[in-house]
Structure formats: C-alpha cells, structure tokens
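Colleague: Can you read through this structure? Questions will come right after.
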Amino acid sequence: MTRSYAIGDIHGQFALLQQAHAWIADDRAQTGDSEAPVVHLGDLVDRGPDSAGVIDWLMRGQEAGENWVVLKGNHDRMLATFLNDPQARDPGLRSQFSYLHPAIGGGATLISYGVANAADRPIAPVHAEAMARVPDAHRDFLAGLQTFYQRGEVLFVHAGIRPGIALENQTETDLLWIRAPFHDHTAPHPWLVVHGHTAIDAPCHYGNRVNIDTRAAYGGPLTAVVIEGTRVFTLGPQGRRRLLP
Numbered sequence: 051m052t053r054s055y056a057i058g059d060i061h062g063q064f065a066l067l068q069q070a071h072a073w074i075a076d077d078r079a080q081t082g083d084s085e086a087p088v089v090h091l092g093d094l095v096d097r098g099p100d101s102a103g104v105i106d107w108l109m110r111g112q113e114a115g116e117n118w119v120v121l122k123g124n125h126d127r128m129l130a131t132f133l134n135d136p137q138a139r140d141p142g143l144r145s146q147f148s149y150l151h152p153a154i155g156g157g158a159t160l161i162s163y164g165v166a167n168a169a170d171r172p173i174a175p176v177h178a179e180a181m182a183r184v185p186d187a188h189r190d191f192l193a194g195l196q197t198f199y200q201r202g203e204v205l206f207v208h209a210g211i212r213p214g215i216a217l218e219n220q221t222e223t224d225l226l227w228i229r230a231p232f233h234d235h236t237a238p239h240p241w242l243v244v245h246g247h248t249a250i251d252a253p254c255h256y257g258n259r260v261n262i263d264t265r266a267a268y269g270g271p272l273t274a275v276v277i278e279g280t281r282v283f284t285l286g287p288q289g290r291r292r293l294l295p
C-alpha cells in the first residue's frame, strides 16, 4: 500500500499550514510511517498574511531533509513572473486583472516581505523594492517548483490535467490554471487526481478526482488528507475521516 499526504492551497496562511502539519504528525504517530511524502498542492502565496513565512518554512524544511513535495500553483508563477518582469502577464490571467489587483492578492504577498501599498504606487519603485526585499533563495525556490507529482495510483497537481493528453504533453498553463475541461470530465483518468485551485467549501471526492482547496485564501480551513492506495481520508483534530466519492 502506498501512503501519501497532501495539503491544499495555502495562500499565505502560515498558521494553518503549521496546524495541517501537526495533524499529519499525529497521523504518522498512529501509523508509524515517517517516510510518506507530504505534497503541497501549490498556491503558497497571495491573499493571506504571511506568504514570505510560508515559502521560508517550506524551503528550510526541504533543506533539512523533510520529505516534502512542493508543487507550483498559478499564484506562485504569477509572483515569480512579477519579480522577473513587472510588465509581464501570466497567460492564464484574465485581462482585467494584474498581479497587484486586490482580487489576485499580490499586494498581500509583497506586504509580507515589507513592501507596503504596492497597488497604490508606481510599478517601477514597487518592483525595485520587491527585488531588494525578496531573498534570492525564495526566487530560486519558486523557479524550481515542480508542476506535478505521481506516486502509486495517485497524481498530485495544482489545478488538474487536460483529459486524454499524456502527462508529458500537458502544458504548464493547463496544470496550473485548468478548470472546465478537467472538471467536466467524469470518466476515469489513469490516476486518481488530487488537486486544488478551485475553491470549494469542503473537500470533495468526485470519483476520478479529489479537490482539497477549501478556501483558506478567503478565511476557510486548510485541508490535509492522507491517501492510502486510492482511499482518501481527511485529517483534523479528531484524526481521520474517510472521504467517499
């Protein structure tokens, strides 16, 4: 039996991330399994209060040898894109938005690095200040994030996959942004797909996929699950609860 843990979209909610890891630690103690990976499904940043703390903690955990997989979300790519070129647009972002638009939440991420009022100031000095304050190690970490992780019968990805397309032929933009073609597909995929990206009120098992983005960006909880084979359990202060299709 293959066991893996996964955590949904974090969005700068550092305290919730630490709580989710505490639930995972409790489950590890019950199973005696200290080796199963913990997969973070991306969207580490934006909207929440401490994106810088989230990145730093995950980065240092990996450096210390923790078996943590950190996937790239569309918000993580938008932050990296903004730092590389403040005039560039992510191809998945709708034209009425920019990274610093309040609906996207990039300003909250920059505040966590000490760059205040980013949306209300000219872009050039904001970018210069961000470049001075965001550590190179954080930029390297964002650049190195992988876009999917496959283990056993499960595929972990931020947004989803384009049905019928081989994994090696999926585009990064689909893996980070896709919704309708993936959500509308009800037939089996080659794997059970565990994903986030589309915020819902509670984790949901759709048979061929499991969505665990439970609105941490908007004041909701951060969901952690354990998957054994293809059986999925949510984790919380009371331990495990089976999540059925």
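Residues in the sequence shown are numbered from 51 upward in steps of one, following my numbering. Ideal Cβ positions, reconstructed from N, Cα and C, are used throughout, including at glycine.
1. Count the other CB atoms within 10 Å of the CB of Met-1; is the residue buried (16 or more) or exposed (fewer)?
2. Tell me which same chain residues have a C-beta within less than 6 Å of the C-beta of Ile-277, skipping the five on either side of it?
3. For a test of the three-state rule: what should DSSP assign to Thr-124, helix, strand or coil?
4. So Gly-62 and Val-95 are supposed to be a Cβ contact under 8 Å. How far apart are they, rounded?
5. For Ser-162, I'd like the list of residues in its chain whose CB is within less than 6 Å of its CB, leaving aside the five on either flank, ordered along the chain.
6. Taking Cβ to Cβ, would you say Ala-138 is nearer than 8 Å to Ala-193?
7. Between the Cα of Leu-242 and those of Thr-248, Ala-249, Asn-258, spot the shortest distance and give me the residue it belongs to.
8. Just grab the DSSP bridge partners of Trp-118 for me.
9. Look up Glu-278 in the DSSP assignment and give the residues it is bridged to.
10. Tell me the rounded alpha-carbon separation between Val-275 and Trp-73.
11. Determine which residues share a DSSP beta bridge with Phe-198 and list them.
12. I need the straight-line Cα distance from Gly-123 to Gly-82, nearest angstrom please.
13. Should Asp-186 be labelled buried (16 or more other beta-carbon atoms within 10 Å of its own) or exposed?
14. Decide if the stretch 148 to 167 is in contact with the stretch 177 to 185; the criterion is three or more beta carbon pairs, one per stretch, under 8 Å apart.
15. So for Arg-189, helix, strand or coil by DSSP?
16. Give me the residue from Pro-213, Ser-145, Ala-158, Asp-135 with the minimum Cα distance to Ala-178.
17. Is Val-184 helix, strand or coil when you go by DSSP?
Modeller: The answer reads as follows:
1. With the chain covering 51 to 295 only, the question about residue 1 has no answer from this structure.
2. Ser-54, Val-204
3. In the sequence under discussion, the amino acid at residue 124 is Asn, which differs from the Thr named in the question. Helix at Asn-124.
4. At roughly 6 Å, the Cβ-Cβ gap stays under 8 Å, so Gly-62 and Val-95 are in contact.
5. Asp-100, Ser-101, Ala-102
6. no
7. Looking at the Cα atoms, Asn-258 is the closest of the given residues.
8. Beta-bridge partners assigned by DSSP to Trp-118: Val-88.
9. For Glu-278, which the question treats as bridged, DSSP gives the partners Arg-53, Arg-281.
10. In a straight line, the C-alpha of Val-275 is about 9 Å away from that of Trp-73.
11. Val-207
12. 31 Å
13. That one is exposed.
14. yes
15. helix
16. Among Pro-213, Ser-145, Ala-158, Asp-135, the Cα nearest to that of Ala-178 is on Asp-135.
17. coil
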